[in-house]
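Written out below as structure tokens is the structure these notes cover.
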Amino acid sequence: MDTPTLLKAGPLTGPDAAALFDLPRPAADCRIVVAMSGGVDSSVVAALAHASGAEVIGITLQLYDYGAATGRKGACCAGDDIRDARAVADRLGIAHYVFDHESAFREEVVEQFADEYLAGRTPVPCIRCNMGPKFTDLFRMARELGADCLATGHYVRRVMTADGPQLHRAFDPARDQSYFLYGTTEAQLDYLRFPLGGMPKPQVRELAEAAGLRNAAKPDSQDICFVPDGNYAKIVTKVRPEGAAPGAIVHAATGAVLGQHKGIVHFTVGQRKGLEIGGQPEPLYVIGLDAAAREVRVGPKRMLAVNAAHLTETNRIGALPDEPLTAKVRSLAKPVPITLDGPLGDGAATTIRFAAPEFGVAPGQAAVIYAGERVVGGGWIDSTEKVEA
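All residue numbers for the sequence shown refer to the numbering used here, where the first residue is 59 and numbers rise by one.
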């Protein structure tokens with residue numbers, strides 16, 4: 059097998075690659091475990107780890123039924139993705155192991171995803187996956203293998219300070235994944251490495267091509283991995299058939315019944331399209347969901363405005379700074395100024411108060427708190443305080 063030409067054709071040298079992993083001793087004496095999903099990002103991490111001179115072991119968690127998932131593109135951890143990860147490992151000449159985590163993933167991520175929708179909430183399964191099957195189990199495996207660190211293809215930066223490592227947003231804002239990693243513990247961050255956090259995506263693909271990796275041009279995943287077609291309701295009703303129970307669409311201010319729906323799993327706070335209640339004097343949005351009554355409550359946009367969000371199961375990474383804080387309440391939202399009203403971390407409940415009214419804040423989503431580029435922590439949005447009751 060030919061040695062990959064990553065360092066000859068790419069912009070990095072061996073010492074440069076080693077520096078990306080902040081190893082505790084010479085790379086030749088180290089072992090790096092790489093979480094390999096089958097995508098181009100984690101494959102490049104494996105190539106960089108190999109180029110560093112360290113011993114590299116790739117691990118893939120199989121999260122779906124292999125037979126049913128074969129042929130799926132742009133997801134991770136199933137079917138063609140596992141084959142791609144194995145081919146990359148063969149190309150690099152590194153060990154590669156696949157572990158069956160389908161049961162744990164279904165119980166801890168998929169079923170909880172369905173239950174949250176049935177409760178009228180809007181879940182973020184990628185965070186649950188990172189906090190559960192991915193990091194928890196991968197950490198255990200990496201330590202059992204005697205690895206010096208666990209490396210992943212996430213686009214975030216691990217920045218060392220005198221007080222220990224901090225989690226920062228990625229260099230490329232279009233690729234930043236810090237929202238999904240706010241639940242990382244300080245102990246985990248001490249062991250994790252994110253070598254792609256300082257790179258733009260085009261450079262990552264160039265590195266993949268230079269290394270001769272078969273998935274260099276593989277498309278990025280655009281949806282939740284177990285919902286490749288974006289049809290969340292289909293998955294929820296398959297796992298929890300009662301999610302298709304019909305109910306009324308009610309005006310949140312007047313109580314008037316405006317129409318009927320085919321299950322609250324089809325709706326989320328802030329949604330405007332798909333209500334099918336024409337003839338209204340002004341555009342209406344989903345203001346709230348009453349799971350017990352199976353009601354979708356709608357109203358004008360002003361009724362979406364909230365002053366604060368109450369968070370549960372909070373996590374804090376490092377000390378709270380003196381500088382102003384911002385928060386993202388959706389993965390694609392821009393951080394907005396907030397103040398923190400209560401403790402943060404160790405699972406405590408707390409409240410974030412917005413400097414200006416925020417719209418479309420949905421219970422079940424995560425609120426991630428930043429100080430500049432640094433991720434301070436965050437928690438799950440349990441409820442909100444509306445500007446207009």
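Note that CB positions come from ideal geometry on N, CA and C, so glycine has one too.
Since the model is a prediction, treat every value here as computed from it, not as a measurement.
For the pair residue 184 and residue 282, the CB atoms are nearer than the 9 Å cut-off. Taking a contact to require three or more Cβ pairs closer than 8 Å, the segment 209-224 and the segment 405-415 do not qualify as touching. Per DSSP, the unbroken beta strand (DSSP E) holding residue 217 starts and ends at 214-219.
In the structure shown, residue 307 adopts extended strand secondary structure according to DSSP, grouped into three states. Taken in chain order, the complete beta strand (DSSP E) segments of 3 or more residues contained in the segment 136-201 are 153-158. Here DSSP, grouped into helix, strand and coil, assigns residue 301 to helix.
DSSP, read as helix, strand or coil, puts residue 236 in helix. Taking every protein chain shown into account, the CB of residue 236 has 16 or more other CB atoms within 10 angstroms, so this residue is buried.
Taking a contact to require three or more Cβ pairs closer than 8 Å, the segment 294-307 and the segment 334-354 qualify as touching. Separation of residue 381 and residue 428 (C-alpha to C-alpha, rounded to the nearest whole angstrom) is 10 Å. Only residues of its own chain outside the window of five on either side were considered, and among them none has a CB closer than 6 Å to the CB of residue 275.
Straight through space, the alpha carbons of residue 97 and residue 149 are spaced by roughly 15 Å.
Rounded to whole angstroms, the Cβ separation of residue 371 and residue 405 is 5 Å, and the two are in contact under 8 Å. Assignment of beta-bridge partners to residue 113 by DSSP yields 89.
In the DSSP annotation of this structure, residue 263 is not part of any beta strand (DSSP E); the continuous alpha helix (DSSP H) holding it starts and ends at 259-268.
Distance from the Cα of residue 208 is smallest, within the candidate group 258, 181, 92, 234, for 92. Under the three-state reduction of DSSP output, residue 362 falls in the helix class. Per DSSP, the continuous beta strand (DSSP E) segment holding residue 440 begins and ends at 432-444.
Three or more beta-carbon pairs separated by less than 8 Å are not found between the segment 284-291 and the segment 154-161, which leaves the two stretches without contact. Relative to the Cα of residue 215, the nearest Cα in the group 234, 200, 193 belongs to 234. Secondary structure note for residue 72: its alpha helix (DSSP H) is the uninterrupted segment 72-77. In this structure, DSSP gives residue 107 a helical state, which the three-state scheme calls helix.
In this structure, the alpha-carbon of residue 419 lies about 12 Å from that of residue 181.
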